[in-house]
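In what follows, a single structure is set out as structure tokens and then discussed.
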């Protein structure tokens with residue numbers, strides 16, 4: 010029996026509140042049903058009191074209220090029209106107390122029963138907001154004025170057979186019951202609102218955490234300024250830079266080595282190498298562009314062009330920073346080769362000049378560079394032998410006072426003809442590193 014009642018109540022609850030309802034809708038519906046129940050209990054209490062006192066005509070008012078209220082609730086459970094149910098209940102809250110007062114007599118003889126009508130504008134304010142409650146409050150004031158007119162012009166000093174002691178008791182009951190219902194409704198509303206706010210705060214914290222993860226992921230894919238522009242919904246991101254230093258680092262014979270390695274070992278090794286390259290690039294303030302198979306591409310100077318304070322930044326120090334990065338990468342690979350069965354070596358090419366940069370694609374998008382500078386850096390890399398770093402003439406002129414070089418070397422580059430390149434050997438003496446902090 011208890012199980013059947015529990016199942017019936019759960020089914021009833023699902024009729025009142027659905028999965029499609031928002032948290033606010035759930036709160037409003039719960040409050041409406043709660044207020045309907047409290048007012049129904051009050052109507053039953055008044056009906057019993059009036060019956061005991063023999064006030065027959067006035068007893069029919071709460072009885073009629075119960076009938077209409079129950080019918081509206083049943084209709085709501087049938088068709089789930091919450092707007093209609095709310096309107097009917099609010100109308101009952103507003104008009105029934107005045108009808109009860111008029112059936113009994115004056116303000117005094119009815120013991121101020123019309124105060125119950127104040128629940129109408131208060132309820133609408135809780136359910137819908139202050140603006141929507143204004144018409145109901147205005148109606149409450151108008152009905153109060155009409156009752157005052159009746160009392161002033163039509164009263165004859167009689168109290169419809171109700172003595173003053175009874176009137177005093179009813180005044181106390183009306184004020185106590187009205188105050189209790191208002192207090193319970195507002196208390197329940199505040200508690201539910203606080204619970205809702207806690208859930209919203211928890212969801213906001215989770216959302217912030219997810220947003221931070223997305224931010225970090227986006228910054229791992231794109232440079233910071235580009236990521237900011239992409240979040241501002243710039244559909245096409247393309248920039249021209251007059252001066253950028255581009256570097257390619259390519260692992261020699263990695264394809265052949267990968268054929269001799271288990272796939273998992275190969276991916277683990279490549280991830281270890283490129284992860285260390287990422288740390289070195291961050292140390293020197295150089296922007297990683299992408300990896301292409303076993304090749305690693307970075308660029309210096311992109312952040313200088315994007316920063317608002319680039320006019321006060323040291324000019325062209327990113328070229329030296331890229332050279333510092335190349336030396337560190339070469340030294341790391343040399344140390345790594347000594348502890349690996351398969352010897353790993355890289356060859357590096359560096360070029361400086363104008364580039365075009367932008368984001369391509371809408372899915373798995375990438376920030377990339379184009380132009381002769383990129384082509385020269387790539388071609389110079391191909392001409393570098395194992396463990397060697399080659400620079401084009403522009404880069405060499407900028408950093409020749411800081412590093413030691415061999416050359417020049419005459420290279421025949423496809424599409425450019427013969428160009429000169431210099432082999433970077435190392436740092437001059439005990440010169441301080443020229444790398445910038447990011």
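Numbering (our numbering), first residue to last: 10 to 447.
Even glycine gets a Cβ: it sits at the ideal position worked out from N, Cα and C.
All values reported here derive from a predicted model rather than from experimental measurement.
Considering residue i, what are the terminal residues of the alpha helix (DSSP H) in which it resides?
| i | result |
| --- | --- |
| residue 413 | It is not in any alpha helix (DSSP H) - residue 413 instead sits in the beta strand (DSSP E) that spans 412-422. |
So what's residue i in DSSP terms, helix, strand or just coil?
| i | result |
| --- | --- |
| residue 355 | strand |
| residue 89 | coil |
| residue 217 | helix |
| residue 259 | strand |
| residue 26 | coil |
| residue 49 | helix |
| residue 42 | helix |
| residue 157 | helix |
| residue 58 | helix |
| residue 322 | Residue placement at residue 322 cannot be trusted, given a pLDDT of 43 that sits under 50; what the coordinates show is reported in the next sentence. It is coil, neither helix nor strand. |
| residue 166 | Note that residue 166 scores a pLDDT of 46, beneath 50, so its modelled location is shaky; the value from the coordinates is reported in the next line. Coil at residue 166, not helix or strand. |
Check each candidate in the options and name the one with the smallest Cα separation from residue i.
| i | options | result |
| --- | --- | --- |
| residue 90 | 336, 69, 38 and 288 | 38 |
| residue 331 | 345, 365 and 296 | 296 |
| residue 109 | 216, 72 and 128 | 72 |
| residue 75 | 83, 53, 95 and 85 | 53 |
| residue 400 | 342, 333, 292 and 376 | 333 |
| residue 361 | 30, 256 and 427 | 256 |
| residue 427 | 435, 388 and 415 | 388 |
| residue 159 | 193, 79 and 107 | 107 |
| residue 301 | 288, 293, 290 and 279 | 279 |
| residue 359 | 305, 340, 58 and 70 | 305 |
| residue 429 | 124, 418, 207 and 131 | 418 |
| residue 340 | 222, 218, 104 and 354 | 354 |
| residue 97 | 79, 87, 112 and 113 | 79 |
| residue 382 | 204, 139, 307 and 34 | 307 |
| residue 299 | 293, 212, 258 and 276 | 258 |
| residue 193 | 310, 435 and 44 | 44 |
| residue 368 | 249, 125, 126 and 34 | 249 |
Provide the residue span of the beta strand (DSSP E) that contains residue i, from first to last.
| i | result |
| --- | --- |
| residue 270 | Where residue 270 is concerned, there is no enclosing beta strand (DSSP E), given that its DSSP letter is neither H nor E. |
| residue 434 | 426-436 |
| residue 307 | 304-309 |
| residue 298 | 296-301 |
Kindly say whether residue i, judged by its beta-carbon, lies nearer than 7 angstroms to any beta-carbon of chain C.
| i | result |
| --- | --- |
| residue 427 | The question asks about chain C, but that chain is absent: this structure has only one protein chain. |
Output the residue ranges of the alpha helix (DSSP H) runs that lie fully inside the segment 124-152 and measure 4 residues or longer, sorted by chain position. 128-136, all fully within the segment 124-152.
Along the chain, which unbroken stretches of the beta strand (DSSP E) at least 3 residues long are found entirely within the segment 368-410? Here the runs fully enclosed are 375-379 and 398-401.
Is the segment 380-395 touching the segment 263-283 in the sense that three or more CB pairs, one from each, lie closer than 8 angstroms? A contact between stretches requires three or more CB pairs, one per stretch, nearer than 8 angstroms, and the segment 263-283 fails this requirement with the segment 380-395.
Would the segment 405-419 count as touching the segment 374-389 if we require 3 or more Cβ pairs under 8 angstroms? In this structure the segment 405-419 does not lie against the segment 374-389, because fewer than three pairs of beta carbons, one per stretch, are closer than 8 angstroms.
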